[in-house]
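Spelled out as structure tokens, the structure:
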């Protein structure tokens, strides 16, 4: 078993870019402390590479040729694409893990029709997690993307199957691998409703992860999610894939709906890897 | 209406440093490569966030564009609301305003 860590984190650009605009600084600092703990847990796991199951926002893929799933197998990745002053993350080069990523892609494709990419640009969806979890950018990163931006969207059951396939691929490797699923739960980002959060919906979703209720996790329809959790809620696919990869229950280490300037209910969690 | 082309222009602009440089120096030439209506070309030339939002540009693409233009956060949110006031509801996509125009964060007035 070479998946040594699995967890979840939010990736809102406000978490770095609008940190100075937070009024509830105590809550913000608790979030940062939880992220630092997550960084330490990944380091303590001995991970030699980190898979980031992300939901990008048009950093690489567009409607001319949109993959449902893609794995980055390049030697390095670039990011952020956004204005550095806006995101408050400097542009940098992030090491990839081409041999390991290629082997994982080869195994995943046995059961899920992924795309792969030797070029990868990272937006806040990956850069914000890395800023907190690998701040020196010294851990090889394998980016994986699930299209959560617009329909047609991959079914939740396929996101689960993707996570299971990633886990199977990790288990075939001799490398120690960590995995983070990053996305929002309910949120309405990049609209005038930014800051709107359905806390009850979030807590119910997290409870389903905690009690490993696969049927309940896969029962959301996209129309229900859009109604109750906004278009940002489509990103639950990353959490579902991470849950499937982990195979054990989720332990929520931090959640708050009280940082609306970050435009999402900020979450930090780890899974038992089973 | 060629929303796809509007978004394609912004997608390429957002992720490519050379395109950003050309937008700053000679946006007319850059815009000529896309199949746009006059209104769309004007909105992109002017950086009209409100109109582009109403046209249905994906919110993430638009947010990154607004960041590139140096628009402050609360101004950006207010520009989208103003777009709806001036042009009506969002015409396409999944980034519609559903909160009736209210603010979900404590905000200041647009400058």
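Chains as they are written, first to last, in the working numbering: chain X, 1 to 274; chain H, 275 to 385.
Beta carbons: idealized from backbone N, C-alpha and C, even for Gly.
Everything numeric in this text was worked out from a predicted model, so none of it was measured.
{"Item": "Near residue 128 of chain X, which residues of its chain fall below 6 Å by C-beta distance, leaving aside the five closest residues on each side in sequence?", "Value": "11, 15 and 16"}
{"Item": "Going by DSSP, what residues sit across from residue 251 of chain X in a beta bridge?", "Value": "X:270"}
{"Item": "Which residue comes first and which comes last in the alpha helix (DSSP H) that contains residue 170 of chain X?", "Value": "156-171"}
{"Item": "With which residues is residue 51 of chain X paired in a DSSP beta bridge?", "Value": "X:142 and X:179"}
{"Item": "With a threshold of 8 Å, are at least 3 pairs of Cβ atoms found where one atom belongs to the region 61-77 of chain X and the other to the region 105-118 of chain X?", "Value": "yes"}
{"Item": "Unbroken beta strand (DSSP E) runs of length 3 or more, entirely within the region 83-118 of chain X: which are they?", "Value": "92-95 and 115-117"}
{"Item": "Pop quiz: residue 181 of chain X and residue 8 of chain X are said to be a contact at Cβ under 8 Å. What is the actual Cβ separation, rounded to whole angstroms?", "Value": "5 Å"}
{"Item": "Name the one or two DSSP bridge partners that residue 358 of chain H has.", "Value": "DSSP lists no partner for residue 358 of chain H."}
{"Item": "If residue 332 of chain H sits next to residue 367 of chain H, beta carbons under 8 Å apart, how far is it from one beta carbon to the other, in whole angstroms?", "Value": "6 Å"}
{"Item": "Suppose contacts are defined by Cβ-Cβ distances below 8 Å. Is residue 142 of chain X in contact with residue 159 of chain X by that definition?", "Value": "no"}
{"Item": "Rounded to a whole number of angstroms, what is the C-alpha to C-alpha distance between residue 174 of chain X and residue 346 of chain H?", "Value": "47 Å"}
{"Item": "Does DSSP put residue 57 of chain X in a helix, a strand or coil?", "Value": "coil"}
{"Item": "Could you confirm whether any beta carbon from chain H is found closer than 8 Å to the beta carbon of residue 224 of chain X?", "Value": "no"}
{"Item": "Check each candidate in X:251, X:138, X:188 and X:25 and name the one with the smallest Cα separation from residue 378 of chain H.", "Value": "X:188"}
{"Item": "Run through DSSP, which three-state label would residue 387 of chain H get?", "Value": "In this structure chain H extends from 275 to 385, so residue 387 of chain H is not present and cannot be described."}
{"Item": "The alpha helix (DSSP H) spanning residue 124 of chain X covers which residue range?", "Value": "124-133"}
{"Item": "Closer than 9 Å between beta carbons: that is the criterion. Which residues of the region 170-196 of chain X meet it against chain H?", "Value": "188, 189, 190, 191, 192, 193, 194, 195 and 196"}
{"Item": "Could you work out which residue in X:272, X:195, X:266 and X:193 is closest to residue 31 of chain X when comparing CA atoms only?", "Value": "X:266"}
{"Item": "Just to confirm the assignment, what range does the beta strand (DSSP E) spanning residue 7 of chain X have?", "Value": "3-9"}
{"Item": "Among residues of its own chain, excluding the 5 on either side of residue 198 of chain X, which ones have a beta-carbon nearer than 7 Å to its beta-carbon?", "Value": "186, 228 and 229"}
{"Item": "With 7 Å as the limit, tell me which residues of the region 145-158 of chain X have their beta carbon closer than that to any beta carbon of chain H; keep them in chain order.", "Value": "149 and 150"}
{"Item": "When you compare only the Cα positions, how much space is there between residue 148 of chain X and residue 269 of chain X?", "Value": "21 Å"}
{"Item": "Along the chain, where does the alpha helix (DSSP H) that runs through residue 304 of chain H open and close?", "Value": "291-306"}
{"Item": "Could you pull out every residue in the same chain whose Cβ sits closer than 7 Å to the Cβ of residue 263 of chain X, ignoring the five residues on either side in sequence?", "Value": "12, 14, 187, 189, 194 and 195"}
{"Item": "For a test of the three-state rule: what should DSSP assign to residue 197 of chain X, helix, strand or coil?", "Value": "coil"}
{"Item": "Who are the neighbours of residue 12 of chain X on chain H, taking C-beta pairs under 8 Å?", "Value": "Under the 8 Å cutoff, chain H gives no residues; its nearest Cβ is about 11 Å from residue 12 of chain X."}
{"Item": "Is DSSP giving residue 185 of chain X helix, strand or coil here?", "Value": "coil"}
{"Item": "Is residue 375 of chain H close to chain X, meaning its C-beta is less than 8 Å from at least one C-beta of that chain?", "Value": "yes"}
{"Item": "Residue 334 of chain H and residue 57 of chain X: beta carbons closer than 8 Å?", "Value": "yes"}
{"Item": "Closer than 8 Å between beta carbons: that is the criterion. Which residues of the region 40-73 of chain X meet it against chain H?", "Value": "57, 58, 59, 60, 62, 63 and 64"}
{"Item": "Report the residues of the region 244-263 of chain X with a CB closer than 7 Å to any CB of chain H, ordered along the chain.", "Value": "260 and 261"}
{"Item": "At least one CB of chain H closer than 8 Å to the CB of residue 160 of chain X: is that the case?", "Value": "no"}
{"Item": "Please check the pair residue 51 of chain X and residue 236 of chain X, which I expect to be a contact at CB under 8 Å, by giving their CB distance rounded to whole angstroms.", "Value": "Actually they do not touch by this definition, with Cβ atoms about 18 Å apart."}
{"Item": "If we ignore side chains and look at the alpha-carbon of each, how far apart do residue 144 of chain X and residue 163 of chain X end up?", "Value": "11 Å"}
{"Item": "Quickly, what does DSSP pair residue 71 of chain X with across the bridge? List them, please.", "Value": "X:116 and X:144"}
{"Item": "Alpha carbons only, please: which of H:349, H:297, H:284 and H:310 is nearest the one belonging to residue 339 of chain H?", "Value": "H:284"}
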